[in-house]
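Those protein sequence lines, which keep their order, are chains R and W.
Here this note's numbering is used: position 32 in the first sequence is 32, and no number is missing along the way.
Here this note's numbering is used: position 18 in the second sequence is 207, and no number is missing along the way.
2 protein chains.
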Amino acid sequence: MSRQPDKRTAILLATLKLIAERGFHGTPTSMIAERAGVGVGTIYRYFKDKDQLIHTLYEELEAKNKAFVYQGYEEERPVLDRFQHLCRNIYRYLLANPLEFRFLEQYFDSPYGVAKMRQKLDSAGEPFHALLKEGKRQGLVKDMPPTLLFGLIFGPMINVIKDHDSGLLKLDEVLLERLIEATWDAIKK
Amino acid sequence: MSRQPDKRTAILLATLKLIAERGFHGTPTSMIAERAGVGVGTIYRYFKDKDQLIHTLYEELEAKNKAFVYQGYEEERPVLDRFQHLCRNIYRYLLANPLEFRFLEQYFDSPYGVAKMRQKLDSAGEPFHALLKEGKRQGLVKDMPPTLLFGLIFGPMINVIKDHDSGLLKLDEVLLERLIEATWDAIKK
DNA sequence: AAAAACGGAGTGAACATTCACTCCGAAAAC
DNA sequence: GTTTTCGGAGTGAATGTTCACTCCGTTTTT
Numbered sequence: 001m002s003r004q005p006d007k008r009t010a011i012l013l014a015t016l017k018l019i020a021e022r023g024f025h026g027t028p029t030s031m032i033a034e035r036a037g038v039g040v041g042t043i044y045r046y047f048k049d050k051d052q053l054i055h056t057l058y059e060e061l062e063a064k065n066k067a068f069v070y071q072g073y074e075e076e077r078p079v080l081d082r083f084q085h086l087c088r089n090i091y092r093y094l095l096a097n098p099l100e101f102r103f104l105e106q107y108f109d110s111p112y113g114v115a116k117m118r119q120k121l122d123s124a125g126e127p128f129h130a131l132l133k134e135g136k137r138q139g140l141v142k143d144m145p146p147t148l149l150f151g152l153i154f155g156p157m158i159n160v161i162k163d164h165d166s167g168l169l170k171l172d173e174v175l176l177e178r179l180i181e182a183t184w185d186a187i188k189k
Numbered sequence: 190m191s192r193q194p195d196k197r198t199a200i201l202l203a204t205l206k207l208i209a210e211r212g213f214h215g216t217p218t219s220m221i222a223e224r225a226g227v228g229v230g231t232i233y234r235y236f237k238d239k240d241q242l243i244h245t246l247y248e249e250l251e252a253k254n255k256a257f258v259y260q261g262y263e264e265e266r267p268v269l270d271r272f273q274h275l276c277r278n279i280y281r282y283l284l285a286n287p288l289e290f291r292f293l294e295q296y297f298d299s300p301y302g303v304a305k306m307r308q309k310l311d312s313a314g315e316p317f318h319a320l321l322k323e324g325k326r327q328g329l330v331k332d333m334p335p336t337l338l339f340g341l342i343f344g345p346m347i348n349v350i351k352d353h354d355s356g357l358l359k360l361d362e363v364l365l366e367r368l369i370e371a372t373w374d375a376i377k378k
């Protein structure tokens, strides 16, 4: 690699910030270049085109996110404990990284991420999926299609974080616990 | 007056369909004109610019939606009954009108609708708001900020309908009732 | 000195918007 | 009843702007 400060990272970071702030269509490549302190042409040294830049950014964020969420996850704990653990981690991650949340949101609601949605549920959500299945087997969780259960869990999450980030709502630790509890009430038998 | 009294409607309908299918940035005015069977210039006879066209479309859909949702709403019924009634109506409306759902979703997640979000909660959601307040007073509903309660109700709704429309899930009347029940479990004390 | 990395003016395509014009139904003149 | 005039809805080629991406001269690294 070069001895220059890492331009690739600078470009990815600028892209994250700008897209979170202004959306895909509010961020021309020229603006990304400027914010990254880089020439326009340099972007194209590291990424084939804008689409690939965005997909790469997604992949890297997703990996970081996943690593964080499953941190300290222990298969042996009771279902409810594990449920709370995962929810807490997801909430904490997204609340601590509002830019990433906004980017991911935009990504999923765009032609970029349509196909990724399913993948998200199948791969990244795999341990979560297994957890719910086990909960059902133990008679703790309502017997519904997994997709519905996911909706009951992630729906409020997305909604509430959006409101938090836009200042409509101030989430603290206490409220967060009550929220997770309410989410459990929704899916528990 | 006009030779074809329906051009305005044709333009609005074409816009709805195209934006639902292809997003804001996938639908140039030229395409709207073509789909509406109208010249490009005609759009600008009825609407100041593309933004106003989209805002107008939103306003008209919102009015239609609201009228449907509060149909048959009776203030005197018990809180739970009214809750179920409103949820059912919203679900039914959005499931019966997937194009409108997709359009509204895009609208809210874009610079167009940022300001509208609050309004949505304050005006269109007013009876809903009052209902939750009453539920709290009667000790039926969890004592949480209204924004959180809204999140617990509308979050799953949006998520689940999205999954239904994309074919990930088949919602029927039975499942719908169970879903509304689960939502109530989430917010009830 | 050769090779790699970089920068940013330049290019063409896509787009929203405009405006000079057409066309037709209806009113006015006959 | 027939002809002329007129208003304004309707149109799409032309315009100006924005943007992703390229090309090549310059700088940095080896």
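We put the beta carbon where it would ideally sit given N, CA and C, even for glycine.
- Pick from W/R367, W/I376, W/D374 and W/A375: whose alpha carbon is nearest that of W/Y280? Working through the second sequence from its first residue, we reach residue 280 of chain W at position 91. Checking every option, the nearest Cα to that of W/Y280 belongs to W/R367.
- Between the Cα of W/E323 and those of W/F292, W/E264, W/C276 and W/L360, spot the shortest distance and give me the residue it belongs to. Taking the first residue of the second sequence as position 1, residue 323 of chain W is located at position 134. When C-alpha distances from W/E323 are compared across W/F292, W/E264, W/C276 and W/L360, the shortest belongs to W/E264.
- Message: Please give me, in chain order, every unbroken run of the alpha helix (DSSP H) with length at least 4 that falls completely inside the region 194 to 277 of chain W.
- Response: Whole alpha helix (DSSP H) segments, 4+ residues: 196 to 211, 218 to 225, 229 to 235 and 239 to 258.
- Task: Specify the secondary structure class of W/K351 as computed by DSSP and reduced to three states.
- Result: As a working mapping, residue 351 of chain W is identified with position 162 in the second sequence. In this structure, W/K351 counts as helix in the three-state DSSP scheme.
- Item | Where R/P28 meets chain W, residues with beta-carbon distance less than 7 Å | For this step, residue 28 of chain R is matched to residue 28 along the first sequence. Chain W residues near R/P28: none, gap ~13 Å exceeds 7 Å.
- Item | Close Cβ partners of R/K50 (< 7 Å) along its chain, the five nearest in sequence each way excluded | Within the first sequence, residue 50 of chain R is the residue found at index 50, counting from 1. The answer, listed in chain order, is T29.
- Task: Please go through the same chain and pick out, in chain order, the residues whose beta-carbon is closer than 6 Å to the beta-carbon of W/H244, but skip the five residues on each side of it.
- Result: Walking along the second sequence from the start, residue 244 of chain W turns up at place 55. Contacts found: none.
- Any C-beta of chain R sitting closer than 7 Å to the C-beta of W/H214? Walking along the second sequence from the start, residue 214 of chain W turns up at place 25. Yes, because at least one Cβ of chain R sits closer than 7 Å to the Cβ of W/H214.
- Query: Are the C-beta of R/L176 and some C-beta of chain W separated by less than 7 Å?
  - Reply: Numbered from 1 along the first sequence, position 176 holds the residue referred to as residue 176 of chain R. Look at R/L176: its C-beta is not under 7 Å from any C-beta on chain W.
- What does R/T147 touch in chain W if you count any residue whose Cβ is under 7 Å from its own? Locating residue 147 of chain R in the first sequence gives position 147, counting from the first residue. By Cβ distance, chain W contributes D352, L357 and L358.
- Pairwise C-alpha distance: W/I232 and R/D172: Looking up residue 172 of chain R in the first sequence gives position 172. Looking up residue 232 of chain W in the second sequence gives position 43. If I take the Cα positions, the gap works out to 48 Å.
- Message: I need the boundaries of the alpha helix (DSSP H) containing R/D185, first residue and last residue.
- Response: Along the first sequence, read from residue 1 onward, the residue named residue 185 of chain R stands at position 185. Note, R/D185: alpha helix (DSSP H), E173 to I187.
- Task: Could you check if W/V227 is buried or exposed, using at least 16 other CB atoms within 10 Å of its CB as the buried criterion?
- Result: The residue you call residue 227 of chain W lines up with position 38 of the second sequence. By the neighbour-count rule (16 or more Cβ atoms within 10 Å), W/V227 is buried.
- Message: Is the separation between the beta-carbon of W/T198 and that of W/L246 shorter than 7 Å?
- Response: The residue given as residue 198 of chain W occupies position 9 in the second sequence. The residue given as residue 246 of chain W occupies position 57 in the second sequence. Result no, Cβ atoms of W/T198 and W/L246 do not sit closer than 7 Å.
- Message: Can you tell me whether W/A154 is buried or exposed? The criterion is at least 16 other CB atoms within 10 Å of its CB, across all chains shown.
- Response: Outside the shown range of chain W, which is 190 to 378, sits residue 154 of chain W, and nothing can be said about it.
- Three-state secondary structure (DSSP) at R/L169? The residue labelled residue 169 of chain R in the question sits at position 169 within the first sequence. Three-state DSSP puts R/L169 in coil, outside helix and strand.
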